[in-house]
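Engineer: Below is one structure. I have some questions about it.
As structure tokens, then:
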């Protein structure tokens, strides 16, 4: 399939990138000091860095334009089966911008001198256009071990999965998830050791705040059998919840209910058909919202622009029909917004009088995620379908 692209003169491309990322190392207004970075991208105070859809590109909030992060002369920004394809199609896992430089992860696997397989997961630093790559951190492993990694000020926190290997080189069910912190200023790495390990062990990190990381460790107790339902498999899982102090490296059990959000010193969770916040500094608990519908599931929430956006399943048996409310963290006012089931819009960032959205229409057989923007006033009134799609390179 032929891919469309935006053509930029080389000089304009260089200026666009320089201006777009000039603020990426500045503190963002009204947001947590901890930034969550996903497999396919991250958000800065001036735009969105994304690899979905490919290739790697930066979408600028002000101009609404995207630019492929590639400096190859006369590149068509296309994928080719030979080695002449656009460099922006190379793997850029968990990409982010820091102090005018581009960072991302890549895996490297090879046979060691002893004939055993070796796998490392490497943090790469490059110019913002993808040139002058160098490995700044390398740890044992095959992949990031949780949904996201976290950048708090100058320190990057990430977990890495290591697997055992058979003599043939194939990986087996032995899993080990280790946590690392990498200081982007002095490029020193700190290991916190294994968070969980064992046969088919797994890890889920809820978030990082107040020098603490909240996570769940899973072990499989029993044997998986063909034909098992998801409920039967879940019954084999044993979950333990922990809190790791990032300064002392001490680990303790987390006695609070499972969180739906960990953000900026607060821990949000469900209890007694309501959503609560727990202040980690003083332990104060506040009820945010009660449930509105007698359906399965729980209240979930996300943060943007000084507000919590609280969603709840409004139709029994449906995971995509949700009712949305907005809770202003400053005033404590809770406002109904309405059904968010037309476009499944999720706020990625707030910029001036607009929200930038990730759209996923899960009701379609071939659902794709797209980026869009919308006026804040329209979104807050529940007019979710008034979005405008961004012009991305693909």
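In mature numbering (1 follows the signal peptide of the UniProt record, and there is no 0), the protein residues as written are -27 to -1, 1 to 367. Quick reminder that beta carbons are idealized off the backbone N, C-alpha and C, glycines included. Just so it is clear, the structure is predicted and the values come from calculations on it, not from any experiment.
State buried or exposed for residue 227, treating a residue as buried only when at least 16 other CB atoms are found within 10 Å of its CB.
Structural biologist: Classification for residue 227: buried.
Engineer: Between residue 177 and the rest of its own chain, which residues show a CB-CB distance below 8 Å, the 5 nearest in sequence each way excluded?
Structural biologist: Same-chain partners within the cutoff: 119, 120, 188, 189, 191.
Engineer: Determine the burial state of residue 3: buried for a count of at least 16 other Cβ atoms within 10 Å of its Cβ, exposed for fewer.
Structural biologist: For residue 3, the predicted structure reports a pLDDT of 40, less than 50, and the residue's modelled location is therefore unreliable. A value from the coordinates is still provided. Looking at its Cβ environment, which holds fewer than 16 other Cβ atoms inside 10 Å, residue 3 is exposed.
Engineer: Does residue 122 pass the burial test, meaning 16 or more other C-beta atoms within 10 Å, or should it be called exposed?
Structural biologist: Buried: at least 16 other Cβ atoms inside 10 Å.
Engineer: According to DSSP, residue 31 sits in a beta bridge with which residue or residues?
Structural biologist: Partner(s): 22, 40.
Engineer: On the DSSP bridge assignment, give the partners of residue 134 in chain order.
Structural biologist: Note: residue 134 sits in a beta bridge opposite 116, 150.
Engineer: Looking at residue 285 and residue 275, is the spacing between their C-beta atoms short of 9 Å?
Structural biologist: No, they are not a contact pair.
Engineer: For residue 352, which three-state DSSP category applies?
Structural biologist: Three-state DSSP puts residue 352 in a helix.
Engineer: For residue 174, count neighbouring C-beta atoms within 10 Å of its own C-beta (all shown protein chains included) and say buried if the count is 16 or more, exposed if not.
Structural biologist: Buried.
Engineer: Suppose the cutoff is 8 Å on Cβ atoms and the five residues either side in sequence are ignored; what does the same chain contact list for residue 183 look like?
Structural biologist: Closer than 8 Å at the Cβ level, and outside the excluded window around residue 183, lie 238, 253, 254.
Engineer: If we require 4 or more residues per run, which alpha helix (DSSP H) segments fall completely within the stretch 158 to 226?
Structural biologist: Listed in chain order, the complete alpha helix (DSSP H) runs (minimum 4 residues) inside the stretch 158 to 226 are 203 to 207.
Engineer: Looking at the unbroken beta strand (DSSP E) that takes in residue 81, where does it start and where does it end?
Structural biologist: Where residue 81 is concerned, the enclosing beta strand (DSSP E) stretches over 74 to 84.
Engineer: Starting from residue 328, trace the beta strand (DSSP E) in both directions and tell me its first and last residue.
Structural biologist: Residue 328 -> beta strand (DSSP E) spans 327 to 333.
Engineer: Inspect the beta-carbon positions of residue 116 and residue 134 and report whether they are closer than 9 Å.
Structural biologist: Against a cut-off of 9 Å, the Cβ pair of residue 134 and residue 116 comes out as a contact.
Engineer: Taking the continuous beta strand (DSSP E) assigned at residue 312, which residues delimit it?
Structural biologist: Segment 307 to 312, the beta strand (DSSP E) holding residue 312.
Engineer: Using alpha carbons as the reference points, say which of 16, 114, 343 lies closest to residue 80.
Structural biologist: Cα-wise, what sits closest to residue 80 is 114.
Engineer: Tell me, which residues are paired with residue 400 by DSSP?
Structural biologist: Residue 400 is absent from the model: the chain starts at -27 and stops at 367.
Engineer: Leaving aside the five residues before and after residue 277 along the sequence, list all residues of the same chain whose C-beta is less than 6 Å from its C-beta, in chain order.
Structural biologist: Cβ neighbours of residue 277 beyond the five flanking positions: 320, 323.
Engineer: Starting from residue 285 and walking both ways along the beta strand (DSSP E), at which residues does that stretch end?
Structural biologist: Taken as a continuous stretch (DSSP letters only), the beta strand (DSSP E) holding residue 285 covers 280 to 286.
Engineer: Drop a sphere of 10 angstroms on the beta-carbon of residue 53, count the other beta-carbons inside from all chains shown, and report buried for 16 or more, exposed for fewer.
Structural biologist: That one is exposed.
Engineer: Would you tell me roughly how many angstroms separate the C-alpha atoms of residue -16 and residue 40, rounded to the nearest one?
Structural biologist: Legend: pLDDT at residue -16 = 39, less than 50; position of this residue unreliable, value from coordinates given subsequently. Their backbone Cα atoms lie some 10 Å apart in a straight line.
Engineer: Where residue 29 and residue 60 are concerned, what is the direct C-alpha to C-alpha distance, given to the nearest angstrom?
Structural biologist: About 9 Å.
Engineer: Could you tell me the alpha carbon to alpha carbon distance between residue 96 and residue 15, rounded to whole angstroms?
Structural biologist: If you take the alpha carbons of residue 96 and residue 15, they lie about 15 Å apart.
Engineer: Skipping 5 residues on each side, what residues in its chain have a beta carbon closer than 7 Å to that of residue 77?
Structural biologist: Excluding residues within five positions, the ones whose Cβ falls inside 7 Å are 65, 66, 67, 68, 97.
Engineer: What residue does the beta strand (DSSP E) around residue 244 start on, and which one ends it?
Structural biologist: Here the beta strand (DSSP E) through residue 244 covers 239 to 244.
Engineer: Run the CB neighbour count on residue 149, radius 10 Å, all protein chains shown included, and call it buried at 16 or more, exposed below.
Structural biologist: By the 10 Å Cβ count, residue 149 comes out buried.
Engineer: DSSP on residue 271, reduced to helix/strand/coil?
Structural biologist: Correct three-state label for residue 271: coil.
Engineer: Please classify residue 46 as buried or exposed, where buried requires at least 16 neighbouring CB atoms within 10 angstroms.
Structural biologist: Residue 46 is exposed by the Cβ-count criterion.
Engineer: I need the DSSP call for residue 369, collapsed to helix, strand or coil.
Structural biologist: Because the chain here runs from -27 to 367, residue 369 falls outside it and cannot be looked at.
Engineer: Is the number of C-beta pairs between the stretch 17 to 35 and the stretch 338 to 358 that are closer than 8 Å three or more?
Structural biologist: Yes, they touch.
Engineer: DSSP beta-bridge partners for residue 155?
Structural biologist: DSSP, once it has assigned bridges, lists 129, 162 as partnering residue 155.
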